[in-house]
Amino acid sequence: MSARDEILAAVRGALRDADRAEAPVPRGYRSAPSPADVVALFAERVVDYRATLSRCTPADLADTVRAALGPAENILVPDGFPVGLGGAADADDLDSCDAVVTTAAVGIARTGTLVLDHGPGQGRRALSLVPDVHVCVVREDQIVPGVPEAVALLDPDRPQTWISGPSATSDIELNRVEGVHGPRTLHVVLVGS
Amino acid sequence: MPAFPAAAREALADSQLRRNLAHATSTIRAKRAAVVGEVDEWEELRLAGAAIKDNTLRHLDEHLLTLEAALQSRGATVHWARDATEACDIVARIAHGHGVGEVVKVKSMATQEIGLNEALAAQGITAWETDLAELIVQLGDDLPSHILVPAIHRNRAEIREIFRREMAAVGRPAPADLTDDPAELAGAARLHLREKFLRARMAVSGANFAVADTGTLVVVESEGNGRMCLTLPEVLVSVVGIEKIVPTWSDLDVFLQLLPRSGTGERMNPYTSTWSGITPGDGPQEMHVVLLDNGRTRALADEVGRQALRCIRCSACLNVCPVYERTGGHAYGSVYPGPIGAILNPLLKGVGVDEQTDSLPYASSLCGACFEACPVRIDIPEVLVHLRSQVVDAHRGGAPKPEAVAMKSAAWVLSDERRLTLAERGMGAAGKALNRFGRAVLPGGRRAVRRLPWPASLWTGARDLPAPPPESFRAWWRRTGRR
Chain A
994 MSARDEILAA VRGALRDADR AEAPVPRGYR SAPSPADVVA LFAERVVDYR ATLSRCTPAD
1054 LADTVRAALG PAENILVPDG FPVGLGGAAD ADDLDSCDAV VTTAAVGIAR TGTLVLDHGP
1114 GQGRRALSLV PDVHVCVVRE DQIVPGVPEA VALLDPDRPQ TWISGPSATS DIELNRVEGV
1174 HGPRTLHVVL VGS
Chain B
1301 MPAFPAAARE ALADSQLRRN LAHATSTIRA KRAAVVGEVD EWEELRLAGA AIKDNTLRHL
1361 DEHLLTLEAA LQSRGATVHW ARDATEACDI VARIAHGHGV GEVVKVKSMA TQEIGLNEAL
1421 AAQGITAWET DLAELIVQLG DDLPSHILVP AIHRNRAEIR EIFRREMAAV GRPAPADLTD
1481 DPAELAGAAR LHLREKFLRA RMAVSGANFA VADTGTLVVV ESEGNGRMCL TLPEVLVSVV
1541 GIEKIVPTWS DLDVFLQLLP RSGTGERMNP YTSTWSGITP GDGPQEMHVV LLDNGRTRAL
1601 ADEVGRQALR CIRCSACLNV CPVYERTGGH AYGSVYPGPI GAILNPLLKG VGVDEQTDSL
1661 PYASSLCGAC FEACPVRIDI PEVLVHLRSQ VVDAHRGGAP KPEAVAMKSA AWVLSDERRL
1721 TLAERGMGAA GKALNRFGRA VLPGGRRAVR RLPWPASLWT GARDLPAPPP ESFRAWWRRT
1781 GRR
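Quick mapping for you: the protein sequence lines, in order, are chains A and B.
Letter by letter, the first sequence follows residues 994 to 1186 of my numbering.
Letter by letter, the second sequence follows residues 1301 to 1783 of my numbering.
Rendered as structure tokens:
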């Protein structure tokens, strides 16, 4: 018998006498009351993760992103990014790039999380990973209260990267250290409507 | 591996280890309590998590077939592995097929469970662990001691020594002036591993969740090493235990709340990656998923123990366990330490197979803290007691153990009033005698005996024996005339 058939047979054998009725799943957590001001909570939680936060209007976006990039020279700007900044859309040698700017698909207020689904303006997954500085632009109207609202909005067929603060480790005596393998600096630009 | 009592005795003698562990577990406990306290609907999330997992396990055969079809329709190749050897052979075969001599690895409990690194090494393939803690463990030729922070037993001075001594032999050496500052140590690991990420052609991962209906795999991590492995190489192999399934994408809204807060005590872990098969132009263009049994169907067949397969490997039970906090993970002799390891190992391997596994259900005070902390409400104490009875049953026949003899004689005495009266009289005399030697006083003023001669020393070596009262209750009742 193939491994597949044997494992499936073992599963069925193990469940032969089991009660197969579905247990009800409580879903009240999905209608938990929203925080009063999701945008303010998102901003607070992002900073709590030791990311840097800037807020601007759509008109100031280009200047704010340029300021966030600081002295970075080799910049990646994926196709579909809303303002022109110069920079390359992709690179073969990502390790030689200083910084990347991307948009995001969703922001989650309660956890201070940015979700990238790698659509226009976000580039492929490695772009927001290898360069040491990541400037991520999210609009206020993209912010949802919590994880359930984000999961409901997102399309599982697209690859996703959920980002909460810069790369971090707590493996050495549980001291949090930013930047092990991913970007050491995460700069979030929150664009008002 | 030695049985738990022997291994624990050795660990308890290591005061450095106990200091490192006490610091680590108390820190995570406080962080977890704070972020769990923020969530009003926490108890409902636990109930939802338990119910979703139970429902999945009840129909696991159907969900496995759904997952297989979804993965295949999105361009992934699905393999099935009955046991560790079969799983390791599949991974090695894929590596050989691509002429790959090294692979980068995301920390994964399943690949540790099957001993993948050792099996690949035997076939001439080097596996590089890329999680900082796993790197510390691998370079130190050590074993992980915690599910989430595997190098929790090492302090910064020890880590600095390991980096300075070992990094040069396997790649970029540690900087000559490396101090024991955590940021510097992490920086050294970053440089050392980056060259491995950038040249790797194949990666091996596990998965925290596998969504059946969409074929989505989910990896939850902090450092970005997972993202490196999942996106930079050309070939990705994911080894996934068959219990990792959740039925639908929307069920993730429960687990992505429960896992980070229970595990590292964060609102959300820094990185979560999800992918559903191959994305043209982004990430590996060849994907394999190895669905692993390795004892899971055995655990599934155990009606009481089945609930252990709900486990999402958050390690909250380790951090609250008074036994784990004092002995550390190595004493459990397996990749799954702590309370969950004490039930998962016997369930996966079966009881009565070896003494070490049989000792694990006893590695607990049954205080229940693990159940309180478990985000999917696994009643670990219930399963421990259930497994203890299985261990006892497996050892029936042969010479009876001293406990069994003592219990039998107690039953004989307690089943007859005259025998009990006589025994009580004897106890009174013994109590009077022992009271004279009683050297410890228990809370409440009762005297206790610290040390008795062999064979009773086997008992008093680790416990105080409360001295029997000089007078039984019934004797006191008669003497004071309250008939």
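Even for Gly, the Cβ is constructed at its ideal location relative to N, Cα and C.
Cβ of residue i within 8 Å of any chain A Cβ
| i | result |
| --- | --- |
| PRO1482 (chain B) | yes |
| MET1528 (chain B) | yes |
| VAL1449 (chain B) | yes |
| VAL1511 (chain B) | yes |
| GLU1386 (chain B) | yes |
| ARG1718 (chain B) | no |
| GLN1557 (chain B) | yes |
| GLU1458 (chain B) | no |
| MET1467 (chain B) | no |
| ILE1542 (chain B) | yes |
| HIS1323 (chain B) | yes |
| LEU1364 (chain B) | yes |
Inter-residue spacing [alpha-carbon to alpha-carbon] between residue i and residue j
| i | j | result |
| --- | --- | --- |
| LEU1371 (chain B) | LEU1660 (chain B) | 37 Å |
| LEU1491 (chain B) | ARG1472 (chain B) | 7 Å |
| ALA1616 (chain B) | ASP1679 (chain B) | 13 Å |
| ALA1161 (chain A) | SER1522 (chain B) | 6 Å |
| ILE1165 (chain A) | LEU1485 (chain B) | 8 Å |
| LEU1289 (chain B) | PHE1671 (chain B) | As shown, chain B starts at 1301 and ends at 1783. That puts residue 1289 (chain B) outside it, with no answer to give. |
| ALA1324 (chain B) | CYS1611 (chain B) | 22 Å |
| ALA1457 (chain B) | GLU1434 (chain B) | 17 Å |
| ALA1036 (chain A) | VAL1184 (chain A) | 11 Å |
| GLY1652 (chain B) | VAL1683 (chain B) | 16 Å |
| ASP1012 (chain A) | SER1562 (chain B) | 30 Å |
| ARG1023 (chain A) | LEU1365 (chain B) | 29 Å |
| PRO1075 (chain A) | ASP1056 (chain A) | 13 Å |
| ALA1740 (chain B) | SER1757 (chain B) | 16 Å |
| ASP1658 (chain B) | ALA1601 (chain B) | 18 Å |
| ARG1596 (chain B) | THR1627 (chain B) | 27 Å |
| ARG1266 (chain B) | PRO1570 (chain B) | Summary: the structure shown does not reach residue 1266 (chain B), with chain B confined to residues 1301 through 1783, and so no result is reported for it. |
| LYS1708 (chain B) | ASP1716 (chain B) | 13 Å |
DSSP bridge partner residues for residue i (one or two, in chain order)
| i | result |
| --- | --- |
| SER1505 (chain B) | B:SER1538 |
| ILE1136 (chain A) | A:GLY1100 |
| LYS1405 (chain B) | B:GLU1429, B:VAL1504 |
| TYR1042 (chain A) | Paired residues: none, contrary to the question. |
| ILE1462 (chain B) | None; ILE1462 (chain B) has no bridge partner. |
| MET1587 (chain B) | B:ALA1376, B:LEU1536 |
| ARG1048 (chain A) | A:LEU1183 |
| LEU1069 (chain A) | A:ALA1081, A:VAL1093 |
| ARG1561 (chain B) | Answer by DSSP bridge pairing: none, since ARG1561 (chain B) is not bridged. |
| ASP1582 (chain B) | B:THR1579 |
| ILE1545 (chain B) | B:ALA1510 |
Beta carbon proximity, residue i to chain B, threshold 8 Å
| i | result |
| --- | --- |
| ASP1091 (chain A) | no |
| VAL1099 (chain A) | no |
| GLU1037 (chain A) | no |
| HIS1111 (chain A) | yes |
| ALA1102 (chain A) | no |
| LEU1146 (chain A) | no |
| ILE1136 (chain A) | no |
| ARG1117 (chain A) | yes |
| VAL1004 (chain A) | yes |
| VAL1031 (chain A) | no |
| PRO1124 (chain A) | no |
Cβ distance (whole Å) where residue i is taken to contact residue j below 8 Å
| i | j | result |
| --- | --- | --- |
| ASP1125 (chain A) | PRO1176 (chain A) | 6 Å |
| ARG1786 (chain B) | HIS1398 (chain B) | For chain B, the structure presents residues 1301 to 1783; residue 1786 (chain B) sits outside this window and is missing. |
| PRO1768 (chain B) | GLY1731 (chain B) | 4 Å |
| HIS1446 (chain B) | LEU1591 (chain B) | That belief does not hold up - the Cβ atoms of HIS1446 (chain B) and LEU1591 (chain B) are roughly 26 Å apart, past 8 Å. |
| GLY1506 (chain B) | VAL1406 (chain B) | 7 Å |
| SER1157 (chain A) | THR1104 (chain A) | 6 Å |
| VAL1182 (chain A) | CYS1090 (chain A) | Not a contact, Cβ separation roughly 19 Å. |
| ALA1503 (chain B) | LEU1536 (chain B) | 5 Å |
| VAL1518 (chain B) | ASN1525 (chain B) | Their Cβ separation, rounded to whole angstroms, is 16 Å, which puts VAL1518 (chain B) and ASN1525 (chain B) out of contact at 8 Å. |
beta-carbon residue i near the ligand GDP non-hydrogen atom, thresh 7 Å
| i | result |
| --- | --- |
| SER1538 (chain B) | What this structure holds is no ligand at all, so the ligand GDP is not there to describe. |
Original post:
Are the segment 1322-1334 of chain B and the segment 1070-1086 of chain A touching, with three or more C-beta to C-beta distances below 8 Å?
Top reply: Judged by Cβ distances under 8 Å, the segment 1322-1334 of chain B makes no contact with the segment 1070-1086 of chain A, as fewer than three pairs qualify.
Subject >> Inter-stretch contact (C-beta, 8 Å, three-pair minimum) for the segment 1569-1577 of chain B and the segment 1308-1327 of chain B >> reply: Too few Cβ pairs lie closer than 8 Å, so no.
Original post:
If you pair each beta-carbon of the segment 1095-1113 of chain A with each one of the segment 1505-1515 of chain B, do three or more pairs fall below 8 Å?
Top reply: Too few Cβ pairs lie closer than 8 Å, so no.
**OP:** Taking 8 Å as the threshold, find out whether the segment 1334-1350 of chain B comes into contact with the segment 1549-1559 of chain B through three or more Cβ pairs.
**Re:** Judged by Cβ distances under 8 Å, the segment 1334-1350 of chain B makes contact with the segment 1549-1559 of chain B, as three or more pairs qualify.
**OP:** Determine contact between the segment 994-1002 of chain A and the segment 1134-1151 of chain A, defined as no fewer than three beta-carbon pairs at a distance below 8 Å.
**Re:** No, the segment 994-1002 of chain A is not in contact with the segment 1134-1151 of chain A.
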